[in-house]
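Working notes, beginning with the structure itself.
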Amino acid sequence: MTKTTILSLLFLLITLITVDSQAQTKDLADRLFKIHETYREQTLTQRRFKQKDILPLISKRQGNAMYQIETVGESFEGRAIQMIKVGNGKKKVLLWTQMHGDEPTATMASFDIFNFLEGRNDGFDEIRKKLLDNTTLYFVPMLNPDGAERYQRRTMQGIDMNRDAAARQTPEAQILKGLVDRLKPDYGFNLHDQSPRYSAGRSPKVATISFLATSYDYELSINNVRERSMQLIVGMNKILQKYIPGQVARYADDHEPRGFGDNVQKWGTTLVLIESGGYVGDPEKQYIRQLNFMAILSALDKISDNSLTKENREEYYNIPENGRWVYDLVVRNATVRQTGKSFTADLGINRNEVSYSNATKFFYYSKIEDFGDLHPQYGSQEIDATGLTIEKGKVYPTTYKNVSEISKLNALNLLKEGYTYVRLAPDANTRALGLYFTTTPLHILRSGQAVPSGTPGLGNTATFILKKAGKVKYAVINGFVHDLDDFNSEKGQGIIE
Ligand SMILES: [Zn+2]
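First residue of the sequence shown? That's 5 in our numbering, and the numbers climb one at a time after it.
Have a look at this one:
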C-alpha cells in the first residue's frame, strides 16, 4: 500500500469512529426521550407546586441506600433546603434548580431523573452504571422555596439571589456558595426558566431552551473550565435540534459580576446555565420538562465518559442569541381612526399570567404592550388586519347580578352586534367570591369600572373588535381572538375587570 492509501484509510477509520460516536449519542438521546414517560414523576403535573409537594418525594428516598440526603441550610422563612447525593464517581456535579421561585421546570425534571436512576432492566442499566460509577451528583432542587411558595422570582427578602453571589445577603446564596466551596464540583448546572417570549435569534420561533456558558471576566476569556461548558452546550444543542429545530438559543455572554453562573465559573467549576423557555401549546412546560430530562442526562453521560471533549467549542457561537421579539399575539396593519383621521398600526399583545389562590392558580390578563410599526417583531399568533378597522367594543345595556347569568348569554350574537363588555350590577361582589375571569368570551366590568376611553391602544386591556366593511370580523377579548365566521365559544378566557 502506498503512503497515501494508508493515510486515506486512516482518515476513513477516524471518520467512521466519529460518526459512530455521534450516532450513539443521538441514539441515547432518542432513547432517553422515549423512556421519559415511564419515569415522569406523576405527582408533579403543573408548574405551581410548592416545597410541600416535593418534600415527600425527598423523604421517601431517605432509606434508599442509593442516596445520601442532607439538609444544607434554611431559607429566610425557615424552610429546610435539602441536597440529594447519588453516585460514587470521581467527577463531582452540582445541580441546583429554582433559585428563582417561579422557574420550576428543571425541578420537575430532577425528580424524573431520580426515578430514572432507580429504574432497572429497561435497557439503560449500563448507562446508569457508567454514570453512577464515574460521577457523584449533588442535586439541590428548589433552592428558593420561599419564592416558590409565592410563585415569584425573588426570595422572601425581595432579593434576586442570582444577583447575590458576591454580596450574599440571602441565606440561600450563602448555602449555594457554601456548597461550591465545600464540594469543589467539577461541573455545575444552574437550572432556570426564562420568559416564554424570547425568540431564537431574529426568527419568529420562540427559544424553547437557551444556554449560557457564563463568562468569568469582562474580557469574555475562555479557559479550560469555560471551554468544557461550551462543549457540553454544543452537545446538548445537537440533540435538541431534532425535537425543537431552530428553537435553541443562547444568552449573550456579557459578564455579570453578581450572578452565580459567572462566579461559579470563576471559582473553577465548569458551569452550564440552562433556561427553559416557551413552547407554543405547552403552557405547563411538560414537553420542555421532557427535553430537560433528555438534555441533562445526555450531558451527564458525556461528563461520565469525558466524551464532551470531542465537541468543537466554536460551534457554540453558531447557536443564535436570545432575541426578544415574540408577542403572544400580533395584529398586523389595523386601520386606526382617531379624531377623524386614520392611519395603520400593528398591535403587540401579551397574555400575562396573574396568580391567585395563594399562587396555586393563575388566569390570563392581556394588555396591548406595543402599538405602531412592529414589522421586526413576531407573534406566536398573528392576525392580518389589512383592510380591517379597529374599534372599542360597546357596553351591553343590561346589567347582571352575577357571572353565571352572563355565561348564559349568546356571546356570538353580542359580539356580532359589537358588544364586548357586559356590566355587573353594583351588588354583585365578584371580588369577594375570588372571581377574576370567565370562560365566557366576554369582558365583564364590575360596577364602577370604567371602559377605556378613545381608540384601543398602548396599555389598554386587549379587548376590541376588528371590522370589515362595517361588520365585525374578529372580536379580541382579553387577548384571545374570536373569528366570528368560525366561532367557538369554548376558546380563550374572558376577563372580569
Ligand atoms: Zn432564573
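Note that the Cβ used here is the ideal one computed from N, Cα and C, for glycine as well.
(request) Could you name the residues that DSSP lists as bridge partners for Gly-352? (result) Translated into the one-based positions of the sequence shown, residue 352 becomes position 348. Bridge partners of Gly-352: Val-334, Asp-374.
(message) For Lys-405 and Val-335, I'd like the C-alpha separation in whole angstroms.
(response) Translated into the one-based positions of the sequence shown, residue 405 becomes position 401. Translated into the one-based positions of the sequence shown, residue 335 becomes position 331. Rounded to whole angstroms, Lys-405 to Val-335 spans 34 Å at the Cα level.
(request) State the DSSP-derived secondary structure class of Lys-188, mapped to helix, strand or coil. (result) Taking the sequence shown and counting its residues from 1, the one referred to as residue 188 is at position 184. Coil, per DSSP.
(request) Could you tell me if Leu-428 is buried or exposed, where buried requires 16 or more neighbouring beta carbons within 10 angstroms of its beta carbon? (result) The residue labelled residue 428 in the question sits at position 424 within the sequence shown. When all chains shown are included, Leu-428 counts as buried.
(request) Could you spell out the range, first to last residue, of the beta strand (DSSP E) harbouring Met-87? (result) By 1-based counting over the sequence shown, the position of residue 87 is 83. Here the beta strand (DSSP E) through Met-87 covers 84 to 90.
(request) With a 10 Å radius around its C-beta and 16 neighbouring C-beta atoms as the bar for buried, classify Arg-341 as buried or exposed. (result) Position 337 of the sequence shown, counting from 1, holds the residue named residue 341. Exposed: under 16 other Cβ atoms inside 10 Å.
(message) In whole angstroms, give me the CA-to-CA distance for Val-252 and Lys-246.
(response) The count along the sequence shown starts at 1 and reaches residue 252 at position 248. The count along the sequence shown starts at 1 and reaches residue 246 at position 242. Roughly 11 Å between the two C-alpha positions.
(request) Kindly indicate which three-state DSSP category Arg-341 falls into: helix, strand or coil? (result) As a first step, residue 341 is located in the sequence shown; it is residue number 337 there, counting from the start. Strand, per DSSP.
(message) Once the 5 residues before and after Tyr-386 are set aside, which same chain residues still bring their CB inside 7 Å of it?
(response) For the purposes of this step, residue 386 is taken as the residue at position 382 of the sequence shown. Checking the sequence, you will find Glu at residue 386 rather than Tyr. Around Glu-386: Val-334, Arg-336.
(message) In whole angstroms, give me the CA-to-CA distance for Ser-311 and Pro-108.
(response) One-based indexing of the sequence shown puts residue 311 at position 307. One-based indexing of the sequence shown puts residue 108 at position 104. If I take the Cα positions, the gap works out to 29 Å.
(request) Kindly examine ligand 1 and report whether one of its heavy atoms sits closer than 8 Å to the Cβ of Met-103. (result) On the sequence shown, position 99 is the one that residue 103 refers to. Checking the Cβ of Met-103 against ligand 1 gives yes.
(request) Can you check DSSP and say which residues form a bridge with Ser-203? (result) Counted from its first residue, the sequence shown places residue 203 at position 199. Bridge partners of Ser-203: Val-210, Gly-327.
(request) Return the CA-CA distance between Pro-380 and Asp-374, expressed in angstroms with no decimal places. (result) Taking the first residue of the sequence shown as 1, we reach residue 380 at position 376. Taking the first residue of the sequence shown as 1, we reach residue 374 at position 370. Near 12 Å, if we compare the C-alpha coordinates of Asp-374 and Pro-380.
(message) DSSP three-state label for Glu-494, please.
(response) Counted from its first residue, the sequence shown places residue 494 at position 490. If DSSP states are grouped into helix, strand and coil, Glu-494 belongs with coil.
(message) Starting from Thr-111, trace the alpha helix (DSSP H) in both directions and tell me its first and last residue.
(response) As a position in the sequence shown, residue 111 is number 107, starting the count at 1. Taken as a continuous stretch (DSSP letters only), the alpha helix (DSSP H) holding Thr-111 covers 109 to 121.
(message) Going by C-alpha to C-alpha distance, which of Lys-89, Ile-307, Phe-118 sits closest to Tyr-191?
(response) The residue you call residue 191 lines up with position 187 of the sequence shown. Residue Ile-307 is the option with its Cα nearest to Tyr-191.
(message) Whether or not the region 214 to 229 and the region 126 to 143 are in contact is what I'm after, with contact meaning three or more pairs of Cβ atoms, one per stretch, closer than 8 Å; do they touch?
(response) no
(request) Pick out whichever of Gly-182, Ala-69, Thr-339 has its Cα sitting closest to the Cα of Phe-468. (result) The count along the sequence shown starts at 1 and reaches residue 468 at position 464. Nearest of Gly-182, Ala-69, Thr-339 to Phe-468, Cα basis: Thr-339.
(message) If contact is defined by three or more beta carbon pairs under 8 Å, each pair taking one atom from either stretch, is the region 120 to 130 in contact with the region 149 to 164?
(response) no
(request) Spatial neighbours of Pro-200 within its chain, please: CB distance less than 7 Å, with the 5 preceding and 5 following residues excluded, ordered by chain position. (result) Position 196 of the sequence shown holds residue 200. Excluding sequence neighbours, Pro-200 sits near Val-210, Gly-281, Gly-282.
(request) Would you please state the rounded distance, in angstroms, between the beta carbons of Thr-111 and Met-87? I believe it to be under 8 Å. (result) Taking the sequence shown and counting its residues from 1, one reaches residue 111 at position 107. Taking the sequence shown and counting its residues from 1, one reaches residue 87 at position 83. In fact, because the Cβ distance is near 14 Å, the residues do not count as touching under 8 Å.
(message) Going by DSSP in three states, Lys-96 sits in which element: helix, strand or coil?
(response) The count along the sequence shown starts at 1 and reaches residue 96 at position 92. Lys-96 falls in the strand class under three-state DSSP.
(message) Check for me: the beta strand (DSSP E) holding Ile-409 runs from which residue to which?
(response) Along the sequence shown, read from residue 1 onward, the residue named residue 409 stands at position 405. The sequence shown places Glu at residue 409, not Ile. Premise fails: Glu-409 lies in the alpha helix (DSSP H), 407 to 411, not in any beta strand (DSSP E).
(message) Short of 6 Å in beta carbon distance, which residues of its chain neighbour Val-238, apart from the five on each side in sequence? Order them along the chain.
(response) For this step, residue 238 is matched to residue 234 along the sequence shown. Excluding sequence neighbours, Val-238 sits near Glu-315, Glu-319, Tyr-320.
(message) Please tell me whether Lys-472 and Gly-391 are closer than 9 Å, where the distance is taken between their beta carbons.
(response) Reading the sequence shown from its first residue, position 468 is the one you call residue 472. Reading the sequence shown from its first residue, position 387 is the one you call residue 391. Contact: yes.
(message) My output table needs one value for Glu-395: the three-state DSSP class, helix, strand or coil.
(response) By 1-based counting over the sequence shown, the position of residue 395 is 391. Glu-395: strand per DSSP, three-state reduction.
(message) ligand 1 and Asn-138: does any heavy atom of the ligand fall closer than 8 Å to the residue's C-beta?
(response) As a working mapping, residue 138 is identified with position 134 in the sequence shown. Not so, every heavy atom of ligand 1 lies at least 8 Å from the Cβ.
(request) Please classify Val-252: does DSSP put it in a helix, a strand, or coil? (result) Along the sequence shown, read from residue 1 onward, the residue named residue 252 stands at position 248. In this structure, Val-252 counts as strand in the three-state DSSP scheme.
(message) For Pro-189 and Val-144, what's the separation of their Cα atoms in angstroms?
(response) Looking up residue 189 in the sequence shown gives position 185. Looking up residue 144 in the sequence shown gives position 140. Approximately 13 Å, taken between the alpha carbons.
(request) Jot down the residue ranges of each uninterrupted beta strand (DSSP E) in the region 399 to 482, minimum 3 residues, whole runs only, in chain order. (result) 423 to 428, 447 to 449, 468 to 472, 475 to 481
(message) On the criterion of 16 or more Cβ atoms from any shown chain inside 10 Å, does Ala-69 qualify as buried, or is it exposed?
(response) On the sequence shown, residue 69 is found 65 positions in, with the first residue counted as 1. Label assigned to Ala-69: exposed.
(request) Leaving aside the five residues before and after Lys-270 along the sequence, list all residues of the same chain whose C-beta is less than 7 Å from its C-beta, in chain order. (result) Here the question's residue 270 lines up with position 266 in the sequence shown. Closer than 7 Å at the Cβ level, and outside the excluded window around Lys-270, lie Tyr-220.
(message) Taking 8 Å as the cut-off, is the beta-carbon of Gln-198 closer than that to any non-hydrogen atom of ligand 1?
(response) Position 194 of the sequence shown, counted from the start, is the residue given in the question as residue 198. True, at least one ligand heavy atom lies under 8 Å from that Cβ.
(request) Confirm, please, whether the CB-CB distance from Leu-419 to Leu-470 is below 9 Å. (result) In the sequence shown, counting from the first residue as 1, residue 470 sits at position 466. In the sequence shown, counting from the first residue as 1, residue 419 sits at position 415. Cβ atoms of Leu-470 and Leu-419: not closer than 9 Å.
(message) Spatial neighbours of Leu-180 within its chain, please: C-beta separation below 7 Å, excluding the five flanking residues on both sides.
(response) Mapped onto the sequence shown, residue 180 falls at position 176. These residues qualify, in order along the chain: Trp-100, Leu-147, Phe-264.
(message) Is Glu-279 a contact residue of ligand 1, with contact defined as CB to any heavy atom under 8 Å?
(response) In the sequence shown, counting from the first residue as 1, residue 279 sits at position 275. Yes, ligand 1 has a heavy atom inside 8 Å of this Cβ.
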